[in-house]
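In UniProt numbering, the protein residues as written are 1 to 487. I have placed the structure first, in the form of structure tokens, so that the comments after it can refer back to it.
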């Protein structure tokens with residue numbers, strides 16, 4: 001499998017595309033006016049404690065107050081304190097050092113924790129955790145144990161009692177003692193700087209900010225099998241080159257500056273794929289298709305055979321469509337960054353073996369996903385429930401806003417429906433006020449319908465109310481807007 005990372009940098013926006021075998025798999029977008037804040041550490045102030053929810057609101061200097069649950073507040077003073085009532089942990093007005101685990105989404109504020117951590121290329125450092133963990137993505141048991149042993153020896157050179165915790169990241173697979181020792185020292189220096197700011201700064205304030213997106217890409221997305229990292233900004237290329245020289249010398253040869261006149265995302269077809277990812281319908285090669293709907297509570301994916309009629313029988317057609325859909329929807333979840341609860345409506349399969357194979361195909365396809373996922377079995381109705389960890393906004397929420405015309409419904413009242421609303425409004429106006437002439441202001445579509453399909457009904461209405469009705473097109477009106485004016 002060949003993998004490339006494309007980085008498009010402008011003064012207002014940075015975009016990163018992960019392309020596998022020529023197909024776009026993931027997109028990350030960061031805008032200078034609204035940078036993501038996951039990983040940032042803040043000095044905050046508790047503004048409200050909610051005992052009924054076992055949660056609290058914390059002011060960290062953002063537009064909306066942030067949210068912390070009792071389970072995310074570390075209490076190390078007594079056994080069982082982790083599950084204690086939130087009122088025994090914090091109080092209103094208290095200063096609290098917190099880290100963001102989820103960006104603000106929609107109307108919800110950021111999600112916080114007091115279990116602080118900072119990351120390097122190979123490690124996540126967790127002060128006070130006294131634990132060494134290994135990424136579940138490293139599945140070779142011998143390698144997991146080797147890494148654990150090497151890190152423990154390295155850490156105990158500076159911290160004999162192992163008071164702090166570390167997690168070995170996926171990128172640590174195959175690295176040696178020298179690389180891990182360098183990362184440990186870097187994290188210790190970084191944390192010392194964070195502690196100095198924690199003692200000095202008042203609330204609300206930023207204590208520590210994570211790296212910008214193009215630098216985080218080097219730290220988080222570079223993995224074995226990566227062929228090229230192409231960057232279209234000379235300044236960013238130089239900064240990334242320096243970062244690689246200091247921390248990732250083995251990937252220096254894979255960095256490439258792209259100076260072409262044609263935009264890098266156009267050259268690789270990324271722009272077209274992003275536009276497709278904003279639509280509801282995803283075409284399958286067989287002729288089937290997916291319908292993806294995103295709501296605040298969950299996302300749903302419906303699979304249909306469409307134009308695919310198969311070659312043998314109906315059950316075989318359904319099975320092949322579901323298999324193709326399993327691979328396609330796994331890619332769409334990564335590309336659109338859909339998180340939370342996801343309901344997948346596979347086409348009903350009678351054969352239990354077919355259901356098992358489709359579920360296995362979905363699980364295999366999701367193994368490439370770096371977000372944590374959990375999948376249930378296929379129900380008798382063909383439904384699969386799954387969850388995918390959500391830490392940032394979906395692609396749709398980053399790039400789009402609610403439609404001003406339909407207010408998020410995804411549909412408009414038909415011209416016929418609006419015509420009948422106009423008739424009812426005319427009747428209300430004529431009963432309340434005496435007038436021989438009325439003027440209806442409406443959109444072009446509605447006026448056309450009133451003068452054409454509904455002309456006979458308009459004539460009957462004029463006779464019934466004893467007044468003439470005129471129509472005027474208002475170009476700025478939406479299809480659902482209208483006014484009835486007495487003349």
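Glycine included, every Cβ here is placed at the ideal spot set by N, Cα and C. Keep in mind the model is a prediction, meaning the values are calculated, not measured.
Residue i classed as buried or exposed, judged by whether at least 16 other C-beta atoms fall within 10 angstroms
i	result
residue 238	exposed
residue 475	exposed
residue 242	exposed
residue 61	exposed
residue 145	exposed
residue 313	exposed
residue 53	exposed
residue 405	exposed
residue 217	buried
residue 79	Any answer about residue 79 is weak, because its pLDDT of 49 lies below 50 and its placement is not dependable; what the coordinates show is given next. Answer is exposed; the Cβ neighbour count stays below 16.
residue 393	buried
residue 472	exposed
residue 104	buried
residue 252	exposed
residue 275	exposed
residue 66	buried
Proximity of residue i and residue j at Cβ, strictly below 8 Å
i	j	result
residue 300	residue 347	no
residue 40	residue 124	no
residue 115	residue 132	no
residue 331	residue 25	yes
residue 391	residue 45	no
residue 469	residue 447	no
residue 302	residue 266	no
residue 222	residue 248	yes
residue 499	residue 184	Here the chain comprises residues numbered 1 to 487, so residue 499 is not present and cannot be evaluated.
residue 485	residue 438	yes
residue 494	residue 296	This structure leaves residue 494 out entirely; the chain is present only between 1 and 487.
residue 9	residue 236	yes
residue 395	residue 27	yes
residue 186	residue 16	no
residue 49	residue 73	no
Proximity to residue i [Cα-Cα], best of the options
i	options	result
residue 285	325, 209, 218 and 254	325
residue 63	73, 245, 49 and 109	109
residue 415	341, 449 and 440	449
residue 490	211, 297, 487 and 193	Shown here, the chain extends from 1 to 487; a query on residue 490 therefore has no answer.
residue 337	191, 93 and 18	18
residue 481	454, 457, 420 and 465	420
residue 386	434, 298 and 460	298
residue 191	117, 157, 34 and 7	117
residue 162	128, 246 and 176	128
residue 371	90, 135 and 70	135
residue 29	21, 22, 23 and 7	7
residue 164	181, 178, 126 and 195	126
Terminal residues of the alpha helix (DSSP H) in which residue i lies
i	result
residue 186	177-200
residue 274	270-277
residue 446	444-451
residue 323	314-336
residue 382	Note, residue 382: premise wrong, no alpha helix (DSSP H); not H, not E.
residue 215	213-220
residue 457	455-465
residue 366	352-366
residue 422	415-432
Other residues of its chain near residue i: CB distance less than 7 Å, five sequence neighbours each side excluded
i	result
residue 258	230, 231, 232 and 264
residue 31	12 and 13
residue 351	315
residue 84	75
Delimiting residues of the beta strand (DSSP E) encompassing residue i
i	result
residue 66	66-69
residue 99	95-102
residue 59	55-59
residue 105	Note, residue 105: premise wrong, no beta strand (DSSP E); not H, not E.
residue 12	Neither: residue 12 is in no beta strand (DSSP E) and is coded neither H nor E.
residue 210	No beta strand (DSSP E) contains residue 210, which DSSP labels as neither H nor E.
residue 483	482-486
Neighbourhood of residue i by C-beta, 6 Å cutoff - its chain only, sequence neighbours within 5 removed
i	result
residue 479	412, 443 and 445
residue 362	326
residue 4	19, 227 and 228
residue 68	56, 58 and 112
Sequence-distant residues of its chain with Cβ nearer than 8 Å to residue i (five each side left out)
i	result
residue 349	315, 318, 319, 322, 355, 358, 378 and 382
residue 369	330, 333, 334 and 388
residue 488	What the structure shows of the chain is the stretch from 1 to 487, and residue 488 is not part of that stretch, so it cannot be assessed.
residue 138	144, 147, 168, 170, 172 and 173
residue 201	43 and 207
residue 328	282, 284 and 290
8 Å Cβ cutoff, residue i in contact with chain D
i	result
residue 218	Within the model displayed, chain D is absent; a lone protein chain is all it includes.
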